[in-house]
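Step one of this worksheet: look at the structure below.
Laid out in structure tokens, this is it:
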């Protein structure tokens with residue numbers, strides 16, 4: 003995207019023609035490409051988050067109750083939250099959620115439009131609210147808490163944690179990672195998951211399952227359900243393999259580890275290569291290679307400790323491609339795993 007491209011003229015055109023859904027699509031695409039701060043300035047010039055949101059409301063809200071503008075704004079505000087619920091946008095997301103709640107209130111108070119409570123934007127509202135109620139994700143390194151591994155950074159959005167151990171093989175217990183939630187909060191996400199499934203919206207259904215997993219003390223069954231949805235319905239290979247890697251934090255028995263290893267070593271079609279090796283994401287391939295070493299050692303009946311798994315490192319991680327990886331991943335690979343980046 004042209005870094006100098008401005009969208010003020012196009013925005014005014016969309017407002018004049020009442021094309022709220024086209025504005026919604028355009029703004030989300032620009033935010034995804036440039037980030038919130040740069041994108042909002044391209045549309046509205048230098049302005050605070052509160053001023054930007056007020057401008058959007060003033061330009062798009064209609065007298066009385068207008069179904070199109072209400073749903074369009076509700077979808078926009080909740081999509082922005084789900085696009086990036088991280089804490090550095092906490093104040094912006096709080097403003098967006100407040101306005102989304104007001105829009106939902108207008109729907110609830112309008113007896114002629116109660117069917118909108120089963121719409122896709124309303125499901126998104128339930129999920130956006132739940133996402134902001136979650137505990138913040140862990141930092142990428144937990145060394146200060148006695149662990150030598152690192153969490154893989156996966157970008158904005160809702161993600162299950164992926165943890166790559168150091169040579170000691172230790173991992174944080176899931177009980178330290180899942181977000182404590184009330185029965186009402188869990189029930190809201192369960193309702194959203196059911197509604198998304200009924201609507202046939204697989205993307206929202208997957209997001210709901212991720213939130214349920216992050217709320218769950220024992221998420222193994224839900225992780226399996228999410229993996230099946232991604233693999234068999236969505237055809238989301240990267241999402242499916244990411245979910246399997248997250249399962250490493252949850253498995254505890256020898257049988258569970260062997261089953262996870264089986265999933266991580268699925269072949270690529272009829273070929274002899276492994277499906278994980280064909281992924282476009284280098285960071286996921288790197289995480290897979292390291293986690294697989296510990297699972298291989300465990301499956302061989304040699305325990306699950308780093309001391310045992312270290313014997314497999316030189317053979318299984320030799321020649322792993324570290325190019326184009328995050329500098330922190332390269333540093334971790336070199337200092338903790340003893341993997342040196344090969345010269346080009």
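Residue numbers (the numbering used here): 3 to 346. The beta-carbon is built from N, C-alpha and C at its ideal position, and this holds for glycine as well. All of these numbers come straight from a predicted model, not from anything done at the bench.
* From the DSSP output, in three-state form, read off residue 269 for me. => The residue given as residue 269 occupies position 267 in the chain shown. Strand.
* Is residue 208 closer than 8 Å to residue 228 when the C-beta atoms are compared? -> For this step, residue 228 is matched to residue 226 along the chain shown. For this step, residue 208 is matched to residue 206 along the chain shown. Yes, the pair counts as a contact, with Cβ atoms nearer than the cut-off.
* Which of helix, strand or coil does DSSP assign to residue 326? -> By 1-based counting over the chain shown, the position of residue 326 is 324. Residue 326: coil per DSSP, three-state reduction.
* **Stretch-stretch touch, CB-based, cutoff 8 Å, three pairs: the stretch 114–129 with the stretch 166–179** => no
* To do: Over the uninterrupted alpha helix (DSSP H) stretch that includes residue 349, give me the two end residues.
  => The displayed coordinates of the chain run from 3 to 346. Any statement about residue 349 would go beyond what the structure contains.
* Can you name, in chain order, every residue of its own chain whose Cβ lies under 8 Å from the Cβ of residue 104, other than the five neighbours on each side? -> Indexing the chain shown from 1 puts residue 104 at position 102. So the list is empty, once near-sequence residues are dropped.
* Asked: With contact counted as at least three CB pairs below 8 Å, one residue from each stretch, are the stretch 123–142 and the stretch 256–263 in contact?
  -> no
* **Short Cβ contact (8 Å threshold) for residue 286 with residue 243** => Sequence index remark: in the chain shown, residue 286 carries index 284 (1-based). Sequence index remark: in the chain shown, residue 243 carries index 241 (1-based). Yes, the Cβ-Cβ distance between residue 286 and residue 243 is below 8 Å.
* To do: Since I believe residue 139 is in contact with residue 123 (beta carbons under 8 Å), could you give me their beta-carbon distance rounded to a whole number of angstroms?
  => Taking the chain shown and counting its residues from 1, one reaches residue 123 at position 121. Taking the chain shown and counting its residues from 1, one reaches residue 139 at position 137. Not quite, the Cβ-Cβ distance comes to about 26 Å (not below 8 Å), so this is no contact.
* residue 252 in three-state terms, based on DSSP -> Locating residue 252 in the chain shown gives position 250, where the first residue counts as 1. If DSSP states are grouped into helix, strand and coil, residue 252 belongs with coil.
* **Reference residue 46, options 11, 325, 337, 194, closest by Cα** => Position 44 of the chain shown holds residue 46. With distances taken between Cα atoms, residue 46 lies closest to 11.
* Asked: Can you list, in chain order, the stretches of the alpha helix (DSSP H) that have 4 or more residues and sit fully within the stretch 12–66?
  -> 22–36, 38–46, 51–62
* Asked: DSSP beta-bridge partners for residue 211?
  -> Within the chain shown, residue 211 is the residue found at index 209, counting from 1. Paired residue(s): none; residue 211 is not in a bridge.
* Among residues of its own chain, excluding the 5 on either side of residue 6, which ones have a beta-carbon nearer than 8 Å to its beta-carbon? -> On the chain shown, residue 6 is found 4 positions in, with the first residue counted as 1. Because residue 6 sits at a pLDDT of 49, beneath the cut-off of 50, its placement in the model cannot be relied upon, and the following sentence gives the value as read from the coordinates. Within the same chain, residue 6 has no close Cβ partners at all.
* Asked: Which of helix, strand or coil does DSSP assign to residue 276?
  -> Looking up residue 276 in the chain shown gives position 274. Looking at residue 276 - three-state DSSP - the assignment turns out to be strand.
* To do: Can you say whether residue 302 is buried or exposed, counting buried as having 16 or more other CB atoms within 10 angstroms of its CB?
  => Translated into the one-based positions of the chain shown, residue 302 becomes position 300. By the 10 Å Cβ count, residue 302 comes out exposed.
* To do: Identify which residue in 30, 108, 331 has its Cα closest to the Cα of residue 78.
  => As a working note, residue 78 is residue 76 in the chain shown. Among 30, 108, 331, the Cα nearest to that of residue 78 belongs to 30.
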